[in-house]
Amino acid sequence: MPGCNYIWYATALLFIFPRCVTAQNGSNEPLVLPRITSPVTLDGLSQEPAWQSIDPLPVSMLYPTYRGDMTEETEIRVAYDEDYLYASIRAYYENPEDIRANTYVRDRWGEDDEFTLILDTFYDRENAMMFMVNPTGNRIDFQLFNDAETSQGSFMNRDWNTFWEAEAVITDDGWFAELRIPFSSLQFNVNDEGDVIMGLKVYRWIPSKYENHQYPPAPPSLRNPYLKPSTARKVLLTGIQNEQPLYISPYSLGGLQQEFALNSRQTDYLFNSDLNGDIGGDIRYSVTDDLSLDLTVNTDFAQVEADNEQVNLSRFPLFFPEKRQFFQERSGIFEFNTGGRTTLFFSRRIGLDGQGNPVPIIGGGRLTGRAGQWDIGLLNMQTADSRNLPSENFGVFRFRRAAFNDQSFFGGIYTHRLGADGSVNIGYGADAGLQITPHDYLVVRWAQTYDSRQGWGLSSGRLRTRIERSRLQGLGYYVDGIWSGEHYTPDLGFITARNFTQVTSEISHGWLFDQQSRLRSTRALIWNSTRLRNSDKITEIISTSTVLLYEFKSGNGGVIWQNITTEDLPEALRFSDDALVPAGRYSFYTLGLDFNTTPGYLLRGSVNLELGSFYDGSKITLNAGPTWNTSPHLELGVNYTLNRVRLPERKQEFNSHVIRLRSLFSLNKHFSAQSFLQFNNTRELVLANVRLRYNFSEGNDLWLVYNDRLNTNRGSFEPELPVSNGRTILLKYTHTFQL
233 MPGCNYIWYA TALLFIFPRC VTAQNGSNEP LVLPRITSPV TLDGLSQEPA WQSIDPLPVS
293 MLYPTYRGDM TEETEIRVAY DEDYLYASIR AYYENPEDIR ANTYVRDRWG EDDEFTLILD
353 TFYDRENAMM FMVNPTGNRI DFQLFNDAET SQGSFMNRDW NTFWEAEAVI TDDGWFAELR
413 IPFSSLQFNV NDEGDVIMGL KVYRWIPSKY ENHQYPPAPP SLRNPYLKPS TARKVLLTGI
473 QNEQPLYISP YSLGGLQQEF ALNSRQTDYL FNSDLNGDIG GDIRYSVTDD LSLDLTVNTD
533 FAQVEADNEQ VNLSRFPLFF PEKRQFFQER SGIFEFNTGG RTTLFFSRRI GLDGQGNPVP
593 IIGGGRLTGR AGQWDIGLLN MQTADSRNLP SENFGVFRFR RAAFNDQSFF GGIYTHRLGA
653 DGSVNIGYGA DAGLQITPHD YLVVRWAQTY DSRQGWGLSS GRLRTRIERS RLQGLGYYVD
713 GIWSGEHYTP DLGFITARNF TQVTSEISHG WLFDQQSRLR STRALIWNST RLRNSDKITE
773 IISTSTVLLY EFKSGNGGVI WQNITTEDLP EALRFSDDAL VPAGRYSFYT LGLDFNTTPG
833 YLLRGSVNLE LGSFYDGSKI TLNAGPTWNT SPHLELGVNY TLNRVRLPER KQEFNSHVIR
893 LRSLFSLNKH FSAQSFLQFN NTRELVLANV RLRYNFSEGN DLWLVYNDRL NTNRGSFEPE
953 LPVSNGRTIL LKYTHTFQL
């Protein structure tokens, strides 16, 4: 396999390094959680005798100074009875005006004060559930996986939801909250003695002071220390049982769709208006204590927010993240990243065509969880015929299990995409990861595809090896090697490029400062990526950056960086009909400045500026994004992106402007309205996405959604374009029954 011997050398490390990783949180003896024996009223105040008999957990400061002097008093208690897990916080404030309570909107993770409970319910020290409440009583829940390590791809699913309750109040002494999580919403193992072992983490976030109080202590030298399941405290519960509830969530949908199309003579636009309706739904059932089954029929995503407009100034495809909740749930188990954005499974291939237009989903199912020592994910979906695609069947099977230690694993994946027109695309992969020390990781992944148009062979494979020291203090590094074959074609995945060999490396050093310094941390690094084209062994891209990251104890911070890139363009790179870069070899230099304000400000934001040479011309990129919380009921946000490209040798220029306007209004925890307006001058469009939601209770929602695509340059076309390319107004109601 040309150009990838170094990858095999790194792979051999899997068999050289010993099992040398030990627990990161000290003693292996579990903390026995107290049991509540008298009633608790969920009002946020935690004043009942049941709470008075429980000692608070010994929290300590994580940010801005590790184990520094906490400026506010924090009392966090966790307990349980036979049906629920309870948690409470008394978040005292000397000055209650410092409390940040910015939103009532469910799952809106803003810059509020927070109380967070993290549960590693299987105590696998890799996966966890995250429950968060702010001072308005707003609830947020996430899933964590890959031990919150960025080296293995994504580590958080922000669209996961389950059934639980929380209440909060603000008083003259601070803010207080209580959480109540039914054990029926959790999955866990009960051993032969009737005991349950979990991992527990809690923290309080004080944005006005950029201060974090945590338990148990996790050092800031780790990445995402306040999230990592591997740093959780081992806890013991007794006398509880797993339940296997059945949730049935039917929906009904009705609305108006309007479209404009040219007549047969192409002399005018015709207006078409259709009333339509639909029904469908989802079913969720816990097959065992460890496995969950989700079934869906006539799946609909009317309430999903629109994609962000982007402008592409490279020869690689743009990436749009998944936002549909059905595919976000337990998405981490299907993760199989083979470098950069490239992955063997990308759920946006299901139910969307290449332009992002919806494709009808007839139905499907997903089985996720644990079978013995194996983490498994099984997904199968069937789509109907659409304008651009035939009916297709999509399948993926992912499996992993721990080996050597809690953060080491081996596993595999299988995918298929089968079309009614006879097209076949199959992929498989195998991977292994080794945690060599508490900070050092090695990951190896091999993937290969079969396509009915190209066949099968070594050239349809892709290999990735990455060794990394994941550390923000002291020495850090990684070396990431990728070999990709010419015919690697993951049609159920996402790929930016093929037929290359690439080595990317970074070496860094980080510093954390004492309590007297205004700086919290700095980090300096040198980064390099070198890519060779396999076909002719030409060095396609060499890119080198030097970077300085800094953060003050106030939370303000930023990045200063410079980059030198040499690139061999195999064909012309076109930005518009009037601006392009011819094929050839180019070297160019970029300087970048980023600045972010502290999250504790009610008016906050970020600014990014890049300027320098660009191929045989120059480029300036500016991105600015202020956000203003006028009150807990209203949040306003603006984002503006400018790309200014000048190509003087050909007297060409390209200017792009993308403006995004967001508003979020919430009357209370039940009613919210969100608007998202975007303008993109390169597409000459204004896109509107407005969503109103009334959340009666968990799983019971009424949505009113309006989408429109407005033309901004109508008069330059013949015939004149209509005001709108098309609009929809939809009303959707979902009701969940628990049996």
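The C-terminal position of the sequence shown is numbered 971 in the numbering used here, with every residue numbered one higher than the one before it.
Quick reminder that beta carbons are idealized off the backbone N, C-alpha and C, glycines included.
- Round the Cβ separation of Leu-610 and Phe-629 to the nearest angstrom and send it over; I've been treating them as touching at under 8 angstroms. With a contact defined as Cβ atoms closer than 8 angstroms, Leu-610 and Phe-629 qualify at about 5 angstroms.
- Item | Beta-bridge partners of Ala-311, as assigned by DSSP | Residue pairing of Ala-311 in beta bridges, as defined by DSSP: Tyr-318.
- Item | Straight-line gap, Gln-734 to Gln-667 (C-alpha atoms, nearest Å) | Spanning the two alpha carbons is a distance of roughly 24 angstroms.
- Query: Could you check where the alpha helix (DSSP H) with Trp-283 kicks off and where it finishes?
  - Reply: Boundaries of the alpha helix (DSSP H) harbouring Trp-283: 281-284, taken from the DSSP string.
- Query: From Ile-739, Leu-917 and Glu-326, pick the residue whose C-alpha is nearest to that of Leu-953; which is it?
  - Reply: Among Ile-739, Leu-917 and Glu-326, the Cα nearest to that of Leu-953 is on Leu-917.
- Query: With distances taken between CB atoms, is the gap from Ser-716 to Gly-571 smaller than 9 angstroms?
  - Reply: The answer is yes: Cβ separation under 9 angstroms.
- Task: List the DSSP bridge partners of Tyr-660.
- Result: DSSP output for Tyr-660 lists Tyr-646 and Gln-680 as bridge partner(s).
- Task: With a 10 Å radius around its C-beta and 16 neighbouring C-beta atoms as the bar for buried, classify Lys-964 as buried or exposed.
- Result: Classification for Lys-964: buried.
- Message: Three Cβ pairs or more, each shorter than 8 angstroms: is that satisfied between the stretch 481-488 and the stretch 448-460?
- Response: With the cut-off at 8 angstroms, the stretch 481-488 and the stretch 448-460 do not touch.
- Rounded to whole angstroms, what's the CA-CA distance from Arg-869 to Ser-416? Just pull it up for me. Note that residue 869 is Gly in the sequence shown here, rather than Arg. Between Gly-869 and Ser-416, the C-alpha separation is close to 38 angstroms.
- Query: How is Gly-596 classed by DSSP in three states: helix, strand or coil?
  - Reply: In this structure, DSSP gives Gly-596 an extended state, which the three-state scheme calls strand.
- Item | Identity of the residue in Ser-702, Ala-679 and Arg-685 nearest Arg-696 by Cα | Residue Ala-679 holds the alpha-carbon nearest to the alpha-carbon of Arg-696 among Ser-702, Ala-679 and Arg-685.
- Task: Could you name the residues of the same chain whose beta carbon sits closer than 6 angstroms to that of Val-536, not counting the 5 residues immediately before and after it, in chain order?
- Result: Lys-555 and Arg-556, listed in sequence order.
- Gly-509 by DSSP, collapsed to three states: which one? If DSSP states are grouped into helix, strand and coil, Gly-509 belongs with the strands.
- Item | Complete beta strand (DSSP E) runs within the stretch 474-501 (minimum length 3 residues, chain order) | Those beta strand (DSSP E) runs which fall completely within the stretch 474-501 and span 3+ residues are 478-494.
- Message: Using the three-state DSSP reduction, which class does Leu-690 fall into: helix, strand or coil?
- Response: Here Leu-690 sits in helix by DSSP.
- Message: Among the candidates Gln-910, Phe-897, Gly-931 and Gly-947, whose CA atom is the shortest distance from the CA of Arg-923?
- Response: When each option's Cα is compared against that of Arg-923, the closest is Phe-897.
- Per DSSP, what kind of secondary structure is Phe-374 in: helix, strand or coil? Three-state DSSP puts Phe-374 in a strand.
- Tell me, which residues are paired with Val-675 by DSSP? Val-675 is bridged to Gly-665 and Arg-698.
- CB contact flag (Met-361, Leu-351, <9 angstroms): Going by C-beta atoms, Met-361 is nearer than 9 angstroms to Leu-351.
- How would you write the range of the beta strand (DSSP E) that Phe-559 sits in, first residue to last? In the DSSP assignment, Phe-559 falls outside any beta strand (DSSP E) and lies within the alpha helix (DSSP H) extending over 557-560.
- Please name the residue, chosen from Tyr-782, Phe-807, Ser-819 and Gly-790, that lies closest to Glu-799 on a Cα-to-Cα basis. Nearest of Tyr-782, Phe-807, Ser-819 and Gly-790 to Glu-799, Cα basis: Ser-819.
- Query: Sorted by chain position, which residues of the same chain lie with C-beta nearer than 7 angstroms to Gln-489's C-beta, five sequence neighbours on each side aside?
  - Reply: Correct list, in chain order: Asp-506, Asn-508 and Thr-960.
- Message: Ignoring anything shorter than 4 residues, give me the alpha helix (DSSP H) runs that lie fully in the stretch 519-584, in order along the chain.
- Response: Counting only unbroken stretches of 4 or more residues, the alpha helix (DSSP H) elements lying wholly within the stretch 519-584 are 557-560, in sequence order.
- Inter-residue spacing [alpha-carbon to alpha-carbon] between Asp-313 and Leu-418: Going from the Cα of Asp-313 to the Cα of Leu-418 covers about 14 angstroms.
- What are the boundary residues of the beta strand (DSSP E) that Phe-897 is part of? Where Phe-897 is concerned, the enclosing beta strand (DSSP E) stretches over 884-898.
- Message: Considering only the alpha carbon of each residue, which of Val-272, Ser-691, Leu-454 and Leu-274 lies closest to Arg-703?
- Response: Ranking the options by Cα distance to Arg-703, first place goes to Leu-454.
- Query: Considering only residues of the same chain and omitting the five flanking positions on each side of Gly-258, which have a CB-CB separation below 6 angstroms?
  - Reply: At Gly-258 the pLDDT is 47, less than 50, meaning the model places this residue with poor confidence; the figure from the coordinates comes in the next sentence. When the five nearest sequence neighbours on each side are left out, no beta carbon in the same chain lies closer than 6 angstroms to the beta carbon of Gly-258.
- For Thr-966, the nearest candidate out of Asp-404, Asp-373, Ala-905 and Gly-513 (CA to CA): Comparing Cα positions, the closest option is Gly-513.
- Message: Taking only three categories from DSSP, how would you classify Asp-607?
- Response: Asp-607 carries a strand assignment under DSSP once its states are collapsed to helix, strand and coil.
- Taking 9 angstroms as the cut-off, decide whether the C-beta atoms of Gln-605 and Arg-357 are in contact. No. Outside cutoff.
- Message: According to DSSP, simplified to helix, strand and coil, what is Ala-398?
- Response: Strand.
- Message: Looking at the secondary structure, which residues open and close the beta strand (DSSP E) in which Tyr-435 lies?
- Response: 427-438 is the span of the beta strand (DSSP E), which, as asked, contains Tyr-435.
- Query: Where Pro-296 and Glu-443 are concerned, what is the direct C-alpha to C-alpha distance, given to the nearest angstrom?
  - Reply: Straight-line Cα distance between these residues: approximately 6 angstroms.
- Query: Between Phe-377 and Asn-359, what straight-line distance do the alpha-carbon atoms span, to the nearest angstrom?
  - Reply: Roughly 4 angstroms separates the two Cα atoms.
- Message: Between which two residues does the beta strand (DSSP E) holding Ser-819 run?
- Response: For Ser-819, the uninterrupted beta strand (DSSP E) run begins and ends at 816-828, by DSSP.
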